[in-house]
Amino acid sequence: MDEDIDLDVDVDSDVELDSSKRKVKLLAAIVALMFLFMVMFLTILKYRGLVYPNISFYNQSVAKLNEKELYKFLDDAESKIKDKKICVEAGGENYYITVGNLLEKSNKKDLCKQLTTHSGNILKEFGIILLDVKTDYKLELHLNNDNLNKEVKYIATKTNNKSTEPKVKIDGSSIKLIEGKDGIALNEKQLILGIKDILENIDFDNNNLKVVADYSKTSPNIDIEDLKCIDTKISSYFTGYGTGGARGSNIQNASSKLDNLLIMPGEEFSYEDTIGPTTAENGYRSAPVIVNGQLKSGLGGGVCQVSSTMYNAQLKAGILPSERSNHSKPVSYVPRGLDATLASGSIDYKFINTYDYPLVINAYTSSGRLYIEFWSNKNATKGITYEAKSYVSGRVANAYLLGYDKNGKQVYKRHIDTSVYR
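Residue numbers (the working numbering): 2 to 423.
Given below as structure tokens:
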């Protein structure tokens, strides 16, 4: 009986001992957790509003900077980056582009908020600090594509060398062919990509920012072999004018822009585009012009005599106009119905080379006469001789184009248009 009582006492003592041990362990664990929590809290508190350790920009540490300090650092960094210059080696010259001219903004404000405003998740924040992973940031530079394109276009205009087309020069009755030349053109897309690559990988301390421009060869559109078929004067027409003075000067200026003009098969000729705007900058002077049936002084007075002379040479070559208007009142230098006027920006004179061969214009002045000739291949008109005739009734003139074979037989007749004068 006594032995049983002693056994119970021993068992109770062991239970109490185990319970005490568990309590001690639990308490120790709680204390450890509280200590760890305190360490974590104090560590995180240390970086509250500051940049975490081992954070850098362009390999320069920004650890423990507050938002204001970080913003100043990034603002200075951005200024230094914007002041850098990119050297573009193009066409044997160096062109410098200031980086700041290519940028709109950066993400420095967002980065300041991101790196100094933390999540509030203690475990996450402590883990970031404890791991101490080195992270190097760079500013995101937002590109102004319009400015980049302008800079590249500027370099292109300075360095491109356009190809020149072969020419046909008429001198009296002789025909001279002049070879065209190859040119070079800047590869603008490649240069843009090269500059973008520099901006994306720009180094804070590196001032050696350089890109070499690439060029491609450009060839003439016309093969000189295609011009060797030009061998004959197809048609010609002349009108007289008073030499000297502003009007005579304008006639000479406009006709010089037509001389040796090459028009390929299917190509449309525009008188306005060819002689250029009738401005003082383009060499034109004030002289009498017809405006709404009245003679007035205006820049380029006399250029309509050149277009009318050319129009008659064109009709004699058997080519119809694609656009033509008569003057508001008759002119003295060509028959009614066979004039062609010009009003810059509103009225043009045009025709299409309907031949199977190239066409060359020969225009010159001599002793108060304006001559315009059409040259092409001898087979261009297929043996037909053309003549323009105008039939006048009062203020109305109807123009026709007639064609004759080698025996003088009429084989072609076409109404051109009707002209009404004031």
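No residue lacks a Cβ here, since even glycine has one placed at the ideal position from N, Cα and C.
The three-state secondary structure of valine 361, taken from DSSP, is strand. Looking at the DSSP output, alanine 186 shares a beta bridge with Ser217. Within the same chain, Cβ atoms closer than 6 Å to the Cβ of valine 213 are found at Glu90, the five residues on either side in sequence being excluded. The beta carbon of asparagine 399 lies closer than 6 Å to those of Tyr392 and Thr419 in the same chain, with the five residues before and after it left out. For the pair of segments examined, the stretch 226 to 233 was found not to touch the stretch 304 to 313: the number of CB pairs separated by less than 8 Å stays below three. Under the 8 Å Cβ criterion, the stretch 356 to 370 does not count as touching the stretch 323 to 334, having fewer than three qualifying pairs. A distance below 6 Å between beta-carbons, with the five flanking residues on each side excluded, links glycine 404 to the following residues of its chain, in chain order: Ile385, Tyr387, Val412 and Tyr413. Selection Asn378, Ser257, Ile320 and Asn261 evaluated against lysine 170 yields Asn261 as nearest (Cα-Cα). Contact annotation: glycine 303 and arginine 248 have beta-carbon atoms nearer than 8 Å.
Residue state for asparagine 162 is assigned as strand, using DSSP reduced to three classes. Where tyrosine 387 is concerned, the enclosing beta strand (DSSP E) starts and stops at 386 to 394.
Closest in alpha carbon position to isoleucine 276, among Ile291, Tyr350 and Asn208, is Tyr350. Within the DSSP secondary-structure output, proline 289 pairs in a beta bridge with Ser298. The residues Phe352, in chain order, have a CB closer than 6 Å to that of proline 322 in the same chain once the five nearest residues on each side in sequence are set aside. Annotated three-state conformation of cysteine 88 is strand, per DSSP. Per DSSP, the continuous beta strand (DSSP E) segment holding asparagine 95 begins and ends at 94 to 99. Residue pairing from DSSP places glutamate 269 in a beta bridge opposite Ile353. Restricting attention to Ile203, Glu189, Gly184 and Ile235, the CA atom closest to the CA of lysine 218 is found in Gly184. Tyrosine 59 is not bridged by DSSP to any residue. Secondary structure of threonine 136 (DSSP, three-state): strand. Three or more Cβ pairs closer than 8 Å define a contact, and the stretch 58 to 65 meets that threshold against the stretch 137 to 148.
Excluding the 5 residues flanking it on each side, tyrosine 334 has same chain C-beta neighbours closer than 6 Å at Thr240 and Gln306, in chain order. Counting the other CB atoms within 10 Å of its CB gives arginine 23 a total below 16, which places it among the exposed residues. Aspartate 206 counts as exposed, since fewer than 16 other beta carbons sit within 10 angstroms of its beta carbon. Following the DSSP letters along the chain, one finds threonine 117 inside the alpha helix (DSSP H) bounded by residues 109 to 117. Pairing lysine 65 with leucine 210, the inter-Cα distance amounts to about 32 Å. When C-alpha distances from serine 377 are compared across Ser326, Ile320, Arg396 and Asp340, the shortest belongs to Ile320. Each of Lys86, Gln115, Leu112 and Asn108 was checked against the Cα of asparagine 102, and the nearest Cα belongs to Lys86.
When DSSP reads this structure, isoleucine 223 sits in no beta bridge, so it has no partner. Straight-line spacing of the CA atoms in threonine 280 and glycine 301 works out to 7 Å. In the structure shown, serine 257 adopts helical secondary structure according to DSSP, grouped into three states.
Alanine 341 and isoleucine 348 have their alpha carbons spaced roughly 10 Å apart. As DSSP reads the structure, proline 322 sits in a beta bridge with Phe352. Excluding sequence positions up to five before and after alanine 314, its CB lies within less than 7 Å of the CB of Ser236, Ser237, Tyr238, Ile373, Glu374 and Phe375, all in the same chain and listed in chain order. Using a 10 angstroms sphere on the CB of serine 107, the tally of other CB atoms reaches 16 or more, which defines it as buried.
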